Ligand SMILES: *[C@@H]1O[C@H](CO)[C@@H](O)[C@H](O)[C@H]1NC(C)=O
Ligand SMILES: *[C@@H]1O[C@H](CO)[C@@H](O)[C@H](O)[C@H]1NC(C)=O
Ligand SMILES: *[C@@H]1O[C@H](CO)[C@@H](O)[C@H](O)[C@H]1NC(C)=O
Ligand SMILES: *[C@@H]1O[C@H](CO)[C@@H](O)[C@H](O)[C@H]1NC(C)=O
Ligand SMILES: *[C@@H]1O[C@H](CO)[C@@H](O)[C@H](O)[C@H]1NC(C)=O
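Residue numbers (mature numbering (1 follows the signal peptide of the UniProt record, and there is no 0)): -18 to -1, 1 to 590.
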């Protein structure tokens, strides 16, 4: 044969081979299909489920490779209209890789189906029970491209879509869920781990082995383990609606549905709406820590109160939390206090109405009178909700403690550590001109003298830059991008260096740095902060179990963005205690007052 004829016959051989492919061959053992873009003829499968935009078929000629999904999505709002679940069909179509954002993983699907023929009907449709008919979901790692740590730096050093690694469903969570793409599966005995988002989508864990389960039934992120064994439950395929009231720890009835990557996550799209089998409590125990009313037993609270303005609907609920659950601590670190005009961008920076309205609400509920201390920021220079001028502030009980050598700084003045040690400006902001704080909250330092104390103790109230711009744990970028981490690294150094100066003058100084660090204890900025400052993570000092260290929920994970770090004198003291109060992470969507949980600690700050 002449060369051109050889080529033509090779092409027709390739077409003939393509015509014989199975669903497993189309999916392949990687994330992306080796047949992407090719037209397939006479693809045969059992109809597992239907949605308004397509249907799902399972191979009638499966292989025995757990990496290759035996099911696939056929995208068409019309081609499946006449089909019934249980039909075995054959069809032609084009293999496509679809994603709605460059940040997401791709979904392998069959598009433009044609010649859909029903070969038989009424065949049994049996879901795969996850962990029984499939491998158990991996519990620690997401992807072979994460170098062992989804929070390792730098994030985004590779993309799944570019590397297209071979799936290892026994080891990596993304690979596991990808290996079931399009499949009909059952999750037995699901536990809700986070309340639903505004689309009524909720994360669950089934009856398979899981790491990080907390006492309440949620699942907590720990060092190098961000819980890939969870699955996101999306909108029911039959058009019914999931409940809005589910919450961490609720038990659901078994869920059967289709695994599909869509909107950037591996979802289980249930056949019908979720039903609750047993409700968890939404009300955590109040703190057990009791103030002694003096330096010997001082209670310290910490609470990010989420954009609190004088007219906020949640103000009285925040006050009730401080009274009923935190038991009116002697000193409260607050974050996200807005100015007197709230989010109106009118140049107002004073927050004394916000703070006195909160103090008055607490007094009404409890009779406890608080004074407050803060430093007004320069308008519109500290980020957060535009016009809100959020800042950190302290509430304190003047009969128990007061500012030591009161000398308030302004928004642009840097307080300094002076011999004593003491603070040149009290309260004062730490290095407000540093580039570390551009469009972010400057830390609020203060020195205090508590009743009975011989020496002052020091506090630093922080609200570091948020993780905006992060990519998802299930996104294309590996390791995921930890948004704004470079800034938090700088902020760790500036905050830590200031505290180190106090401890350089007095290694026995009582120092408490607390607030919303917007970072996890096991990620580089917090590790740097501990080593630069010389402070100790209070969760470690107080031996809080790893799974109970959470103040926030994001995606599937209970996680800790809010921390207290304390000086060695406090970390080593037997008087020191710490409790996280889960008033918001346990709540339903409508019951949550803030997006963060508060915490309470107990210290001896006598300094002798
Ligand atoms: C299509 O596939 C089925 C089996 O799945 C087979 O019986 C049939 O002969 C095939 N048809 C064509 C035209 O290749
Ligand atoms: C990953 O994909 C994103 C989006 O397409 C792209 O901006 C980025 O440069 C890619 N990263 C690598 C390491 O290729
Ligand atoms: C769980 O609580 C919700 C409302 O919060 C209620 O509608 C539902 O009936 C409860 N379910 C069970 C099983 O108790
Ligand atoms: C807030 O401070 C201003 C200026 O010092 C003062 O005039 C006003 O009375 C204060 N308001 C409250 C509610 O304390
Ligand atoms: C950390 O801060 C110290 C002193 O404030 C400074 O000398 C050092 O360069 C900083 N390091 C980084 C990485 O910013």
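Even for Gly, the Cβ is constructed at its ideal location relative to N, Cα and C. Keep in mind that this is a model prediction, so the values were computed, not measured.
Check	Outcome
Within the segment 200 to 257, ranges of the beta strand (DSSP E) (whole runs, at least 3 residues)	213 to 215, 237 to 244, 247 to 252
Identity of the residue in 171, 201, 292 nearest residue 257 by Cα	171
7 Å CB neighbourhood of residue 514 in its chain, flanking five on each side removed	474, 475, 478, 479, 482
Nearest-residue set for ligand 3, Cβ under 5 Å from any heavy atom	227, 258, 261
beta-carbon residue 656 near ligand 1 non-hydrogen atom, thresh 6 Å	The displayed coordinates of the chain run from -18 to 590. Any statement about residue 656 would go beyond what the structure contains.
Short Cβ contact (7 Å threshold) for residue 412 with residue 403	no
Anticipated Cβ contact below 8 Å, residue 338 with residue 161, distance rounded	Actually they do not touch by this definition, with Cβ atoms about 58 Å apart.
Residue 585 vs residue 543 beta-carbon contact at 7 Å	no
Residues near residue 211 in its chain [Cβ-Cβ closer than 7 Å; skip 5 each side]	119, 120, 121, 155, 187, 190, 192
Per DSSP, cross-strand counterpart(s) of residue 76	21, 93
Closer than 6 Å: residue 336 CB and nearest ligand 4 heavy atom	no
Residues bridged to residue 561 (per DSSP)	582
Contact test: residue 500 Cβ vs ligand 2 heavy atom, cutoff 6 Å	no
Contacts around residue 604, its chain only, beta-carbon distance under 8 Å, and the 5 residues preceding and following it disregarded	There is no way to answer for residue 604, as the model of the chain reaches only from -18 to 590.
Within the segment 407 to 456, ranges of the alpha helix (DSSP H) (whole runs, at least 4 residues)	none
Beta-bridge partners of residue 546, as assigned by DSSP	496
Rounded separation between residue 554 and residue 15 - CA only	57 Å
heavy atom of ligand 2 below 6 Å from residue 141 C-beta	yes
Alpha-carbon to alpha-carbon, residue 59 and residue -1	In this prediction, residue -1 scores a pLDDT of 48, lower than 50, which makes its location untrustworthy; the coordinate-derived value is nonetheless stated afterwards. Each residue's Cα considered, the two are about 25 Å apart.
Residue closest to residue 197, alpha-carbon to alpha-carbon, out of 105, 231, 516, 209	231
Three-state secondary structure assigned by DSSP to residue 291	coil
6 Å CB neighbourhood of residue 583 in its chain, flanking five on each side removed	282, 546, 560
C-alpha gap between residue 11 and residue 48, whole angstroms	9 Å
Beta-bridge partners of residue 284, as assigned by DSSP	315, 581
Close-in-space but distant-in-sequence residues of the same chain around residue 530 (CB under 8 Å, 5 per side omitted)	196, 197, 202, 562
Of the listed residues 358, 226, 151, nearest to residue 574 (C-alpha basis)	226
Residue 86 to residue 246 span [Cα, whole Å]	5 Å
Proximity to residue 541 [Cα-Cα], best of 127, 505, 556, 67	505
Coarse secondary structure for residue 177, derived from DSSP in three states	coil
Residue span of the alpha helix (DSSP H) that contains residue 483, given as start and end	467 to 487
Per-residue DSSP class, three states only, for residue -17	Confidence in residue -17 is poor, its pLDDT being 40 and thus under 50, which makes the residue's placement unreliable; the coordinate value appears in the next sentence. Three-state DSSP puts residue -17 in coil, outside helix and strand.
Endpoints, the alpha helix (DSSP H) within which residue 521 is located	520 to 523
Close Cβ partners of residue 484 (< 7 Å) along its chain, the five nearest in sequence each way excluded	399, 403, 440, 491, 493
Residue 515: CB within 6 Å of a non-hydrogen atom of ligand 5	no
Residue 422 versus residue 112: straight-line alpha-carbon distance, rounded	45 Å
Buried versus exposed, by CB contacts within 10 Å (16 or more), residue 288	buried
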